[in-house]
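Undergrad: Numbering (my numbering), first residue to last: 694 to 807.
Here a beta-carbon is modelled for each residue, glycine too, at the ideal position from N, C-alpha and C.
Could you have a look at this structure, given as structure tokens, before my questions?
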């Protein structure tokens, strides 16, 4: 399940989690954090939070079935955990809202080769 399915029951399939449960908070983090990452806003702290959430999800839901992700179905949790951890250090990039706000709304200059 992902953020919208955990919080809103969309796409339909299973009933949503109990309000204010751990899974509900995970859905909130995924939905809001995913939207902020998509916009490139608060990229580094949001990516760090999402990385931690995915690590927690892996060790709570997948690791009890075996340590190796390929054997316990946790490949995507580990992949996203490391991608978000990378974004913690890399930042949002030249077209992120973080960069636009830092530069006073100016787009990055293009080099003559582009």
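Between which residues of its own chain and residue 750 is the CB-CB distance below 6 Å, once the five residues before and five after are set aside?
TA: 770
Undergrad: With a CB to CB cut of under 7 Å and the five nearest residues on each side skipped, what residues in its chain are close to residue 736?
TA: 730, 780, 784, 785, 789 and 791, listed in sequence order.
Undergrad: Give me the Cα-Cα distance between residue 797 and residue 739, rounded to the nearest whole angstrom.
TA: 22 Å
Undergrad: In three-state terms, what does DSSP make of residue 793?
TA: For residue 793, the three-state secondary structure derived from DSSP is helix.
Undergrad: Using a 10 Å radius around the Cβ and a threshold of 16 neighbouring Cβ atoms, would you call residue 719 buried or exposed?
TA: buried
Undergrad: Please list, in chain order, all residues of the same chain as residue 759 whose beta carbon is under 6 Å from its beta carbon, the five residues on each side excluded.
TA: Same-chain partners within the cutoff: 765.
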